[in-house]
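This report refers to the structure that appears directly beneath it.
Residue numbers (this note's numbering): 171 to 268.
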């Protein structure tokens with residue numbers, strides 16, 4: 171399973187946002203069910219970011235959402251973001267697996 175989370179950050183808060191993201195990236199990548207967790211920045215709009223995350227299964231996603239670092243990250247970035255994130259949870263299409 172993959173999670174794609176798009177976040178718009180207040181333009182004057184991008185450095186603070188990236189600094190806050192470092193902790194969740196590091197800790198999430200150490201989770202047993204996490205295969206990949208990274209933050210990307212739009213090269214044409216520095217206030218737009220995308221988290222790309224990959225987990226082994228739904229149980230790993232649920233475990234991630236229950237961690238203190240996930241819950242704490244939301245509290246840390248509340249004043250930094252321009253609005254709610256756009257979060258999509260996706261899986262490989264059944265037909266593509268064949």
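In this text, a Cβ means the ideal position worked out from N, Cα and C, and glycines have one as well.
| Check | Outcome |
| --- | --- |
| Just reading off the alpha helix (DSSP H) that residue 246 is part of, what are its end residues? | 238-247 |
| Is residue 251 helix, strand or coil when you go by DSSP? | strand |
| If you count every other CB in all the chains shown that lies within 10 Å of the CB of residue 231, and 16 or more means buried, which is it? | buried |
| To the nearest angstrom, report how far apart residue 262 and residue 190 are at their CA atoms. | 30 Å |
| Give the range of the beta strand (DSSP E) segment to which residue 256 is assigned. | 256-260 |
| For residue 259 versus residue 194, is the C-beta spacing smaller than 7 Å? | no |
| Grouping DSSP H, G and I as helix and E and B as strand, with all else coil, what is residue 198? | helix |
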